[in-house]
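Engineer:
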Amino acid sequence: MYGWAGQRLRVDLTKGDIIKEPLSYEYRKKWIGGRGFNSDIIYNEVPPEMSPFDPRTRVCFGMGPLNGTAAPSTGRVTVSCKSPLTGGFGDSNMGGHWGAEVKYAGYDQIVVQGKAKKPVYIWIDDDKVEIRDASHIWGKFPRDADTMIKEELKDEDIHIMLIGPAGENLVRFACTFNDVYRAAGRTGHGAVIGSKNLKGIATRGSGSVKIAKPKEFFEVCNRLRQRFKNDPMKLALNEYGSLCLINYANRDGWLPWKNLQWGGTPLANNMSGETHSKTVLKHREGCYACPICCGRFTEIKEGRWAGEYFGGPEYEHSVPTGPRVGIIEDANDIWHNARLTNDLGMDGIETGAVISTAMEWYQRGLITAKDTGGLDLEWGNEDVVDQLIQDIAYRRGFGDILAEGASRACDKLGLGDKGQYYTIATRGMALPGDDPRGLGFGYGLSFAMGTRGGCDHLRSLCCLELSGALYPGLNTKYLGDERPAKPTTTVGKPYMVYYEENQKAVVDCLNVCCFTTHWSYAVLTQDQLDYFNACTGLDLTLEEFLEVGERVYNLERAYWARLMSGAREDTVPERFTKEPMPQHVDYQTNVGATLPIGEMLPKYYKYRDYEPGTGFPSERKLKQLGLDYVAEDLKPLRKKYMSEAEKKKKKYYY
Amino acid sequence: MAVMTKQQAKKFAEMSDFFLDLLNLLKDKGVINNEEHRVFLLIGYEKLVEHLEKKKVISSKDAKNAMKSGFASLVYSLAK
């Protein structure tokens, strides 16, 4: 077998069963890997009505056929579950080296189900798989747990997936790490892993990945590596990491200031990639087989956090507990907050979002110090942010309420629709630190349509409008028009989002880093097909390849449909549609902009072939994609969704 | 033979999102079939232009212009 290892590892923590299941040729061709394998398992094995913390629920770790090969940036792993944050479909992916190691051990996917009686970790040593006691590492930060497991197994070179204390404490936006600092941040699977009493999965693989056509494969890889040498986004990401976006975001008015009330701050340069590199950058590091190497390591040298050292931060990891909560004067506070969310094992985006939402409730008098246990939630109050991050992770006091995520916290506090207005979330998940009134209207459309909830900057990842202008002709190549490269226009955006969602889904099935295929467009769709075919020996056409992405996308959309989530929930926070972007920076380019989501949605539905009333994938589309069983599942639900009883329900999460 | 009138081409050139409508028109005119409609929606504009050139619906020069100047150029070629 080429590319794939050819088997799934299933671990049942209740029964202690370890099962290896072969993955058939047809199955691999239909789903490719990663997100595709995982979405199939979640759809078929986790009923929508099941609690995310039910021991029978699944958490999946999906690798792709290219993981462990020399193709650029092929170290990613997709983690999927029924999200405890949204109640709907959830996944996230991470870089690092663990995915490649799992492939070398001989597995394309790991599915964990059941619940251990006491804390455990899984030890995969090629074909030997054990469930081991983790009582002594329960409660530890990932960085400490990683060291302890390596010492215990007497091997410094193994790679380990871990959760932090937040996952153990069932914080609904707890996340997962591998190689200590590479995080799969979103949708809260860390809490699902914690609910199973699973601390992590340590892996040693001594095998290899066989390539079907080595000559062709290495020709593609070499061609791509040459292209990376002068790629503009690669150069920026290597030099400054994703913090290279800070000044750009500030100029174009999408840097979130105080819960996205504004799109920038005059002091943004304090935390720019340029400033970070000059002041606290310790060194750079790349994930497996990566020609970009965007990873940073930070050492705070002065002030109250002096001596702190950690991997990161990224843009989306530092902005939420920085400008989103009104902190910008001392960037060391921002780096510290990022370090803390990492160590505690929480999604930085949701952590910052829930704190900034609470701050806006406080600003507007919806809550007072009585509700917060005496905490003064003034914008920019670093002492309070530092304390709240810890209180959320350990579920103490007001932090226990915020650990539920912004939408649920709003309900727990009884703030009603007024409170929900400020949650800046869709389908129960907070939007990332990117205001679509400046970032781009395509992104705005994606935020409404993302199949993992109120994300998503990583679902359609329509960088054709973010970095498209750096690649003249690229928008024309795919969309037939250069005008969509302008962020704040609706021109061409429905098709852009449709195209990019399919394209990103197939990239997530390959488990290739999107910095090579979207932010940077060094690896185009045809290149992806070329290395996939050469690696696996398959001979997929471009349409068969992209159809896998469309299939995955529709399957995930159908999961939401089974939860009665459809057209009425395809919205963005009203702030973006009702509040013209105010000016906060002299040179800001998007003053007065609102997001015209209504102009784009009907056309987008037509591209997707979604039913106009329900927003569910049409029966025709599902059958076309070989998802006949899904079409059957949705049949009785279409009428139900349109019933008066359903129309009256307000659904902020599921 | 022209696939569309100059007036239609003008209308297309002014559209903010044209691709689906163009594929629908090409299907209605019998230039592409149902399956090709589905495929080009998935794989994008460049492949459509290549197909139209291969089928001699547009000339090589028109195809080049369609890739250089985008769909506004293509629709006027289809109106020739």
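Sequence lines, in order, name chains Y and V. For the first sequence, the residue numbers in numbering that gives the first Met the number 0 are 0 to 653. For the second sequence, the residue numbers in numbering that gives the first Met the number 0 are 0 to 79. Glycine is no exception: its CB is placed at the ideal position from the N, C-alpha and C atoms.
According to the Cβ coordinates, are Y/Thr678 and Y/Thr320 closer than 8 Å?
Structural biologist: Outside the displayed span of chain Y (0 to 653) sits residue 678 of chain Y, for which this structure offers no information.
Engineer: Could you tell me whether the Cβ of Y/Thr475 comes closer than 8 Å to any Cβ of chain V?
Structural biologist: Yes - at least one Cβ of chain V is within 8 Å of the one on Y/Thr475.
Engineer: Against chain Y, which members of the region 45 to 56 of chain V pass a CB distance test of less than 9 Å?
Structural biologist: With the criterion set as a beta carbon lying under 9 Å from some beta carbon of chain Y, the members of the region 45 to 56 of chain V are Glu45, Lys46, Leu47, Val48, in sequence order.
Engineer: Thinking Y/Val324 and Y/Ala408 are a contact (beta carbons under 8 Å), I'd like their distance in whole angstroms, please.
Structural biologist: Not really, about 15 Å apart at Cβ, beyond 8 Å.
Engineer: What residue does the beta strand (DSSP E) around Y/Met160 start on, and which one ends it?
Structural biologist: DSSP places Y/Met160 inside the beta strand (DSSP E), whose first and last residues are 158 to 162.
Engineer: Take Y/Thr146 and list the residues in its own chain whose beta-carbon comes closer than 6 Å to its own, dropping the five residues that flank it on each side.
Structural biologist: none
Engineer: Please classify Y/Ser79 as buried or exposed, where buried requires at least 16 other C-beta atoms within 10 Å of its C-beta.
Structural biologist: Within a 10 Å sphere around the beta-carbon of Y/Ser79 sit 16 or more other beta-carbons, which makes this residue buried.
Engineer: May I ask you to list, following chain order, the residues of the region 4 to 16 of chain V that have a beta carbon less than 7 Å from some beta carbon of chain Y?
Structural biologist: Cβ contacts with chain Y: Ser15, Asp16.
Engineer: V/Val38: which of Y/Leu541, Y/Pro322, Y/Ile391, Y/Asn229 sits nearest, CA to CA?
Structural biologist: Y/Leu541
Engineer: By Cβ distance below 6 Å, which residues in the same chain neighbour Y/Arg556 in space, the five residues on each side in sequence not counted?
Structural biologist: Thr450, Pro616
Engineer: Note down, in chain order, all residues in the region 582 to 611 of chain Y with a beta-carbon under 7 Å from any beta-carbon belonging to chain V.
Structural biologist: Residues passing the 7 Å Cβ filter: Lys602, Lys605, Tyr606.
Engineer: Pull up the distance between the alpha-carbon of Y/Thr475 and that of Y/Arg224, whole angstroms please.
Structural biologist: Approximately 24 Å between the Cα atoms of the pair.
Engineer: Which whole runs of the alpha helix (DSSP H) in the region 513 to 557 of chain Y are 4 residues long or more, in chain order?
Structural biologist: 524 to 535
Engineer: Output, in chain order, the set of chain Y residues within a Cβ distance shorter than 7 Å of V/Ile42.
Structural biologist: Correct list: Leu541, Glu542, Leu545.
Engineer: What residue range does the beta strand (DSSP E) around V/Leu51 cover?
Structural biologist: First-last for V/Leu51: 44 to 53, but that is the alpha helix (DSSP H), not the beta strand (DSSP E).
Engineer: Per DSSP, what kind of secondary structure is Y/Val383 in: helix, strand or coil?
Structural biologist: Helix, per DSSP.
Engineer: Where do the N-terminal and C-terminal ends of the beta strand (DSSP E) with V/Ala57 fall, by residue?
Structural biologist: First, the residue type needs correcting, since residue 57 of chain V is Ile and not Ala in the sequence shown. Run containing V/Ile57: none; DSSP gives neither H nor E here.
Engineer: Listing by chain order, which chain V residues have their CB less than 9 Å from the CB of Y/Glu549?
Structural biologist: Going along chain V in sequence order, the residues near Y/Glu549 (Cβ under 9 Å) are Leu41.
Engineer: What does a CB cutoff of less than 7 Å around Y/Tyr420 pick up in its chain, not counting 5 residues either side in sequence?
Structural biologist: Glu573
Engineer: As a quick exercise: from Y/Lys647, Y/Val490, Y/Asn331, Y/Arg226, pick the residue whose alpha carbon is nearest that of Y/Asp526.
Structural biologist: The option with the nearest alpha carbon to Y/Asp526 is Y/Arg226.
Engineer: Just the Cα atoms here: how many angstroms apart are Y/Ser406 and Y/Leu523?
Structural biologist: 38 Å
Engineer: Would a C-beta distance cut-off of 8 Å place Y/Tyr558 and Y/Tyr42 closer than the cut-off?
Structural biologist: yes
Engineer: Of all the options Y/Glu298, Y/Phe176, Y/Ile159, Y/Phe575, which has the alpha carbon lying nearest to the alpha carbon of Y/Thr340?
Structural biologist: Y/Phe176
Engineer: Do the CB positions of Y/Gly94 and Y/Cys286 come within less than 8 Å of each other?
Structural biologist: With respect to Y/Cys286, Y/Gly94 sits close: the two C-beta atoms are nearer than 8 Å.
Engineer: How is Y/Asn177 classed by DSSP in three states: helix, strand or coil?
Structural biologist: Of the three classes helix, strand and coil, the one that applies to Y/Asn177 here is strand, per DSSP.
Engineer: Do we get a CB-CB distance below 8 Å when we pair Y/Glu499 with the residues of chain V?
Structural biologist: no
Engineer: Would you call Y/Ser466 buried or exposed, if buried means 16 or more other Cβ atoms sit within 10 Å of its Cβ?
Structural biologist: buried
Engineer: Comparing alpha-carbon positions, which option in V/Leu51, V/Lys67, V/Met66, V/Gly69 lies nearest V/Ala1?
Structural biologist: When only C-alpha atoms are compared, the closest one is V/Leu51.
Engineer: My guess is that Y/Ala533 and Y/Val219 are in contact by the Cβ rule of under 8 Å, so how many angstroms apart are they, rounded?
Structural biologist: About 6 Å separates the beta carbons of Y/Ala533 and Y/Val219, which is inside the 8 Å limit, making them a contact pair.
Engineer: Of all the CB atoms in chain Y, is at least one closer than 8 Å to the CB of V/Met66?
Structural biologist: yes
Engineer: Alpha carbon to alpha carbon, how far is Y/Ile366 from Y/Gly413? Give it in angstroms, no decimals.
Structural biologist: Per the coordinates, the alpha-carbon of Y/Gly413 lies some 10 Å from the alpha-carbon of Y/Ile366.
Engineer: For Y/Arg142, which residues of its own chain have a beta-carbon under 6 Å away from its beta-carbon, when the five flanking residues on both sides are left out?
Structural biologist: Val179
Engineer: Give the straight-line distance between the Cα atoms of Y/Cys508 and Y/Lys29, rounded to the nearest whole angstrom.
Structural biologist: 11 Å
Engineer: Exposed or buried, which one is Y/Asp126 when buried takes at least 16 other CB atoms within 10 Å?
Structural biologist: exposed
Engineer: Use the C-beta contact count for V/Ala65: other C-beta atoms within 10 angstroms, 16 or more gives buried, fewer gives exposed.
Structural biologist: buried
Engineer: So, using beta-carbon positions, are Y/Arg436 and Y/Thr593 closer together than 8 Å?
Structural biologist: yes
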